[in-house]
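The numbering used here numbers the first residue of the sequence shown as 98 and each following residue consecutively. Working notes, beginning with the structure itself.
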Amino acid sequence: MSTLKNKKIIFVGGKGGVGKSTSSAALALAFSRTGQKTLIISTDPAHNLGDIFHQKLKNEKKQLAKNLWGIEIDPVQESKRYIDTVKDNLKGLVKSTMVQEVHRQIDMASAAPGADEAALFDRIVSIILEEKDNFDKIIFDTAPTGHTIRLLSLPEIMSVWIDGLIERRQKINTNYSQLLNDGEPVEDPIYEVLQKRKDKFKAVREIILDGSVTGFTFVLIPERLPILETEKAIKQLDQYHLHTRTLIVNKVLPDYADGAFLSKRRAQEQDYLQQIDKTFSKQTLLRIPLFEEDIFDQEKLEIFANHIEQSLKEVHS
Ligand SMILES: Nc1ncnc2c1ncn2[C@@H]1O[C@H](COP(=O)(O)OP(=O)(O)O)[C@@H](O)[C@H]1O
Ligand SMILES: [Mg+2]
Numbered sequence: 098m099s100t101l102k103n104k105k106i107i108f109v110g111g112k113g114g115v116g117k118s119t120s121s122a123a124l125a126l127a128f129s130r131t132g133q134k135t136l137i138i139s140t141d142p143a144h145n146l147g148d149i150f151h152q153k154l155k156n157e158k159k160q161l162a163k164n165l166w167g168i169e170i171d172p173v174q175e176s177k178r179y180i181d182t183v184k185d186n187l188k189g190l191v192k193s194t195m196v197q198e199v200h201r202q203i204d205m206a207s208a209a210p211g212a213d214e215a216a217l218f219d220r221i222v223s224i225i226l227e228e229k230d231n232f233d234k235i236i237f238d239t240a241p242t243g244h245t246i247r248l249l250s251l252p253e254i255m256s257v258w259i260d261g262l263i264e265r266r267q268k269i270n271t272n273y274s275q276l277l278n279d280g281e282p283v284e285d286p287i288y289e290v291l292q293k294r295k296d297k298f299k300a301v302r303e304i305i306l307d308g309s310v311t312g313f314t315f316v317l318i319p320e321r322l323p324i325l326e327t328e329k330a331i332k333q334l335d336q337y338h339l340h341t342r343t344l345i346v347n348k349v350l351p352d353y354a355d356g357a358f359l360s361k362r363r364a365q366e367q368d369y370l371q372q373i374d375k376t377f378s379k380q381t382l383l384r385i386p387l388f389e390e391d392i393f394d395q396e397k398l399e400i401f402a403n404h405i406e407q408s409l410k411e412v413h414s
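The structure is reproduced here in structure tokens:
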């Protein structure tokens, strides 16, 4: 089945402003109101889930409504937590005279590009592993396209990277015992930490790659750049064997929108909609109309969710 209805984990991507958060929130609402226990997680540093639900979301799970919980991952806090874990892992393993130097190096590494991403990724991995049996649906409202692709391809990149580290550790293991227990030879605990991380990534990779569990969807609007970007993103994900089956085409001018100005826009939009149909012939397309106003309250979100449900029904019938 190609649509989102029967996926447990759903990643929602797309350009900034196209309606990722609104679509994620509406999907979450649609699932939760049919009695499915749903968790929605914002991984976009430009969080706006809290605004949509009119509640302050936190770095930890918070109940938003019946059957609905939410998390906004705070990248700064996550990065700090990640570094603290790394330091913690080394506690008791490194000679006391070395602690300061090792911490200095970890702090330096944490300022390097990619460190925040690694921390964010680590949290996503943990959430998937810890919560997949507690919820019927887990929805990730992700950051704009390029960033998401990088993140989703990370299990692959990370395992290659960890393999490299493990190999290097095996090589230096002889010198290594000098650092530990004041020179007494010991089992390499860092090797074990790395091995554990590798197992964790591997488990998540399998979940993400399993098309019957995980679904990817991009939100786009009928305009030139979002179409091009979505096409590129789908191709990139395909390379990692992550296949996008569903797209949400948002902000489509409704038939009842009147006036000369809008009919001109609609004519242009028709071209883009045709282009979308042609370019994304392999994907299921869910069309959502442009509302008269922003989706800023529960009532409008419910209507948005109805549209999603309706178009899901249409593709199923
Ligand atoms: N179908 C729609 N009709 C009208 N406004 C919409 C629609 N979808 C989204 N919006 C509005 O567009 C803005 C951007 O949506 P948002 O979901 O925050 O985008 P993203 O998370 O992709 O940056 C918000 O103000 C939202 O209320
Ligand atoms: Mg958003």
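Each residue gets a CB set at the ideal place from its N, CA and C atoms; glycine is no exception.
DSSP lists Val-346 as the bridge partner or partners of Arg-384. Counting C-beta atoms within 10 angstroms of its own C-beta, Phe-298 has 16 or more neighbours from the protein chains shown and is therefore classed as buried.
The continuous alpha helix (DSSP H) containing Glu-214 extends over residues 212-228. Per DSSP, Val-316 lies in no alpha helix (DSSP H); the unbroken beta strand (DSSP E) holding it starts and ends at 311-317. Rounded to whole angstroms, Gln-407 and Ala-300 show a C-alpha spacing of 34 Å. Exclusion of Gly-147 from the 7 Å shell around ligand 1 follows from its C-beta lying no nearer than that to any non-hydrogen atom of the ligand. Exclusion of Thr-245 from the 7 Å shell around ligand 1 follows from its C-beta lying no nearer than that to any non-hydrogen atom of the ligand. Taken through DSSP and simplified to helix, strand or coil, Leu-339 comes out as coil. In this structure, DSSP gives Asp-352 a state outside helix and strand, which the three-state scheme calls coil. Around Leu-317, the same chain offers Gly-111, Lys-112, Val-115, Pro-323, Ile-324, Glu-326, Thr-327, Leu-344, Ile-345, Val-346, Asn-347 and Ile-373 as residues with beta carbons nearer than 8 Å, after the five sequence neighbours per side are excluded. At the C-beta level, Thr-135 and Ile-236 come within 8 Å of one another. Here the alpha carbons of Phe-393 and His-151 stand approximately 9 Å from one another.
For Ala-143, the CB falls within less than 7 Å of some heavy atom of ligand 2.
Cβ-Cβ distances below 6 Å link Gln-133 to Asp-233 and Lys-234 in the same chain, with the five nearest sequence neighbours on each side left out; the list follows chain order. The residue among Gln-395, Phe-388 and Arg-384 with its C-alpha nearest the C-alpha of Val-412 is Arg-384. Sixteen is the threshold: since fewer than 16 other Cβ atoms of the shown chains lie within 10 Å of the Cβ of Phe-358, the residue is exposed. Remark: the C-beta of Lys-117 is in contact range of ligand 2, defined as less than 7 Å to any heavy atom.
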